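**Q** Please find one structure pasted underneath; my questions will follow.
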Amino acid sequence: MKFFNLGVLLFIYTTGLWADDLLGLPVLPIPANNPQTVEKIALGQRLFNDKRLSEDGTISCASCHDENKAFTDGQRVALGIKQQAGFRNASVVVNAAFYQRLFLDGRAASLEEQALGPFLNPIEHGLKSTQELVAIVEADSSYKAQFAQVFNLAEDKITAELIAQAIASFERTLIAGNSAFDRYLFGRDRTALTQSQVRGMRLFRRKGNCSNCHEIGGVNALLMDNRFYNLGVGFERINSEIAEFVAEVRAGENPDDFDFTDAQRAELGRFNITRVLADIGKFKTPTLRNIALTAPYLHDGSLQTLEEVVEYYDQGGEKNPFLDSAIFPLHLTDQEKQDLVAFLRALTSEKYAQ
């Protein structure tokens, strides 16, 4: 029999999770100013799935984070209002509650901050302001009553911050551990992985150098490190102009004045947030949990299969002046590549396993 302290039991109750879902995951931090409640989670789920919260009434958070697709969308890049295509692959929402930085460039520091971003993006939800978002919510009397109950406030006091808190509370329930990997390593079930997957895990942690960024700890594993790396992905879009761009920035010119297209500027990655030249082309390490279900891969959705991803890393990425030192040719054999892919498939949580 498993025993849990009161805090863990309360967390399981308010999130609707089973205890087994948490196998292999750390304790989830809950902000003191946004405690979980069943009612707030339900409100957040409703907002998450509401297409009215967009300029033309066609896009919800769930449009790019579909529960039936492990909360991804299967698209190369996210599609927003009027079928506009963005520049980046939709981020995985499952287990995002553990992240220290949100979005692929890390521009948000919390789920609450992240939740409002897509509403104001002209390609995604296309709303002009948070006031417009609030007005849509307030136009529905049932929303007004629900907010009043959840936050103990007057019905005319809905704010964008409260909308974000509700959505973030729902997203904190999108948690999944308990993969075959977790049962093998943390549950001590030595029958949970095949021999090929065990070999793949050894490669992952040693020769493959994967765990340098996709970390595996002694008692849990997020399979990401909350850091940013340049892998060379998409760099060909700016490579011919990057030397001139760097020279101008070093000379004190405003980076925003350089003649990049929006698509090219998106490839600057973390630099767009920090304005540090060393961050050019860096993107946040994604979790590898449920990776077999979240194709296509990389920040631009340019690779379709896990086999292609392994091949990309085996070749040492795409060379560029800012390529991270952790990326180098691996010289894997065909069998090692197969074993590594087999291990990646063992990272699928039981709740999402087919």
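So that you can map any letter, position 124 of the sequence shown is 128 in our numbering, and since no number is skipped, the others follow by simple counting.
We put the CB at the ideal spot given by N, CA and C, even for glycine.
Computed from a predicted model, the values in this text were never measured in an experiment.
If PHE190 sits next to VAL223, beta carbons under 8 Å apart, how far is it from one beta carbon to the other, in whole angstroms?
**A** Indeed, because the Cβ distance is near 7 Å, the residues count as touching under 8 Å.
**Q** In angstroms, rounded to a whole number, what distance separates the CA positions of ALA196 and GLU136?
**A** Using only the alpha carbons, I get a separation of about 50 Å.
**Q** For the alpha helix (DSSP H) containing LYS44, list its first residue and its last residue.
**A** First-last of the alpha helix (DSSP H) with LYS44: 42-52.
**Q** So if DSSP puts LEU272 in a beta bridge, which residue, or which two residues, is it bridged to?
**A** Looking at the DSSP assignment, LEU272 forms no beta bridge with any residue, so it has no partner.
**Q** Shortest alpha-carbon distance to LYS341 belongs to which of ASP328, TYR356, LEU327 and LEU310?
**A** Closest option to LYS341, Cα to Cα, is LEU310.
**Q** Using the beta-carbon count (16 or more within 10 Å), is ASN93 buried or exposed?
**A** Buried, because 16 or more other Cβ atoms sit within 10 Å of the Cβ of ASN93.
**Q** Out of curiosity, what's the CA-to-CA distance linking GLN419 and GLN49?
**A** The displayed coordinates of the chain run from 5 to 358. Any statement about residue 419 would go beyond what the structure contains.
**Q** Is it the case that the CB of ASN72 approaches a heavy atom of the ligand HEM more closely than 7 Å?
**A** Only the bare structure without any ligand can be found here, which leaves the ligand HEM out of the picture.
**Q** To the nearest angstrom, report how far apart LEU227 and ALA158 are at their CA atoms.
**A** When rounded, the distance between both Cα atoms is 43 Å.
**Q** Using the three-state DSSP reduction, which class does THR265 fall into: helix, strand or coil?
**A** Of the three classes helix, strand and coil, the one that applies to THR265 here is coil, per DSSP.
**Q** For SER226, which residues does DSSP report across the bridge?
**A** For clarity, residue 226 is Leu in the given sequence; the question names Ser instead. According to DSSP, which records beta bridges pairwise, LEU226 is partnered with nothing at all.
**Q** What residues are listed by DSSP as bridge partners for TYR301?
**A** Per DSSP, LEU307.
**Q** Should GLU116 and ALA172 be called a contact, given that it needs their Cβ atoms to be closer than 8 Å?
**A** It is a contact, given that the beta carbons lie within the stated cut-off.
**Q** What's the C-alpha gap between ASP266 and PRO259?
**A** Near 13 Å, if we compare the C-alpha coordinates of PRO259 and ASP266.
**Q** Taking buried to mean at least 16 other C-beta atoms within 10 Å of its own C-beta, is ALA296 buried or exposed?
**A** ALA296 should be labelled buried.
**Q** So, at 6 Å on beta carbons, what are the nonlocal neighbours of GLY273 in its own chain, with the 5 sequence-adjacent residues on each side left out?
**A** Contacts found: ASP109, GLY285, LYS286 and PHE287.
**Q** Starting from the C-beta of MET5, find all residues in its chain whose C-beta is less than 7 Å away, skip the five residues before and the five after it, and write them out in chain order.
**A** Low confidence applies here, because MET5 scores a pLDDT of 34, under 50, leaving its location unreliable; read the following figure in that light. The answer is none, since no qualifying residue turns up.
**Q** So for TYR356, helix, strand or coil by DSSP?
**A** Residue state, collapsed to three classes: helix.
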